[in-house]
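Have a look at the structure below before the remarks.
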Amino acid sequence: MKAYYYTAGKVGREMSDRKDSGRQDPERKTKEKGRLPVMSKVYAFLAPGLEEVECLAVVDVLRRGGVKVVLVSVNGDPVIAGSHGIRIIPDALFDMCDFSDADCLFLPGGMPGTKNLAAHAGLAALLTVKVRTGMRVAAICAAPTVLGGLGLLDGRRATCYPGCEKDLGEAEFTGEGVVTDGNITTARGLGFALDLGVELISLLVSPEKAVAVKTAIQHPETI
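Here it is in structure tokens:
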């Protein structure tokens with residue numbers, strides 16, 4: 016049986032498992048290309064049955080904060096239908112992506128979208144390598160269970176949609192809206208999608224930029 020592997024920044028299929036020993040800088044990029052700072056880059060993973068607003072609200076807020084976001088179809092479909100019938104056109108297909116330039120990986124929730132993410136062996140391999148090498152990862156609603164199923168939340172504080180906490184592995188379920196523990200950020204559900212986006216701007220760009228975006232979108236906490 017062919018197994019997915021992650022190596023040299025790419026995910027693909029191979030006859031045998033391989034491991035990646037390279038480490039990524041866990042902090043946001045501060046390198047410069049010429050005189051222009053390098054824009055942080057997030058890959059958002061879309062599967063059929065995702066919660067559309069959880070995905071797009073976070074993506075919208077990130078882009079307002081100057082973060083480059085790539086929408087990735089995990090199953091190869093050129094159009095992804097969400098759990099409420101809204102169709103989203105991804106920017107790229109999983110098997111065609113090179114994730115070596117990623118600063119953060121984002122998993123939207125929803126059902127059966129979360130189950131479809133969890134079933135993707137290539138995504139599982141990518142998440143496992145990237146979390147263990149310090150890359151930032153975010154998940155919302157039911158999607159933290161994907162990380163929990165891989166053992167990536169063990170010993171961490173995390174949150175998720177109520178009722179899903181049993182699938183967080185050995186995590187400490189807090190029930191809070193947004194929780195960051197180390198390089199993993201989790202959010203409770205759709206009502207906290209904007210807050211998740213703001214939190215990621217703070218982590219990937221700067222706290223000042225996060226406040227500026229939060230104010231510009233008329234977040235209730237700024238009024």
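Residue numbers are given in this note's numbering: position 135 of the sequence shown equals residue 150, and the series is strictly consecutive. Every residue gets a Cβ at the ideal spot worked out from N, C-alpha and C, and that includes glycine. Here the structure is a predicted model, which means the values were calculated and not measured.
_Which same chain residues end up closer than 7 angstroms to T45 when comparing Cβ atoms and leaving out the 5 residues on each side of it in sequence?_
Bear in mind that the predicted position of T45 carries a pLDDT of just 43, short of 50, making it unreliable; the figure below should be weighed with that in mind. Excluding positions up to five away in sequence, the list is empty.
_Identity of the residue in G163, P127, C175 nearest L61 by Cα_ = P127
*Exposed or buried, I155, counting other C-beta atoms within 10 Å across all chains shown (16 or more means buried)?*
buried
*Apart from the five residues just before and just after D106, which ones in its own chain have a Cβ nearer than 6 angstroms to its Cβ?*
V85, L86
*Look at the Cβ atom of R172, then the Cβ atom of V144, and state whether they are nearer than 8 angstroms.*
no
*Consult DSSP for E69 and reduce its assignment to one of helix, strand or coil.*
helix
*Would you check if the distance between the CB atom of T200 and the CB atom of T189 is smaller than 8 angstroms?*
no
*With a Cβ-Cβ cutoff of 8 angstroms, do P63 and N131 count as a contact?*
yes
*For R38, does the count of other Cβ atoms within 10 angstroms reach 16, so buried, or fall short, so exposed?*
Residue confidence for R38 is low, a pLDDT of 34 falling below 50, so the modelled location carries little weight; the figure read from the coordinates is stated next. The residue in question, R38, is exposed, as its Cβ has fewer than 16 Cβ neighbours within 10 Å.
*Mind checking G100: buried by the 16 CB within 10 Å criterion, or exposed?*
exposed
*Based on Cα-Cα distance, which residue from L77, M111, R79, G81 lies nearest to D92?*
Per the Cα distances, M111.
*Distance, Cα to Cα, A117 vs V57?*
6 angstroms
*Which of helix, strand or coil does DSSP assign to D169?*
coil
*Please list, in chain order, all residues of the same chain as R151 whose beta carbon is under 6 angstroms from its beta carbon, the five residues on each side excluded.*
C119, N198
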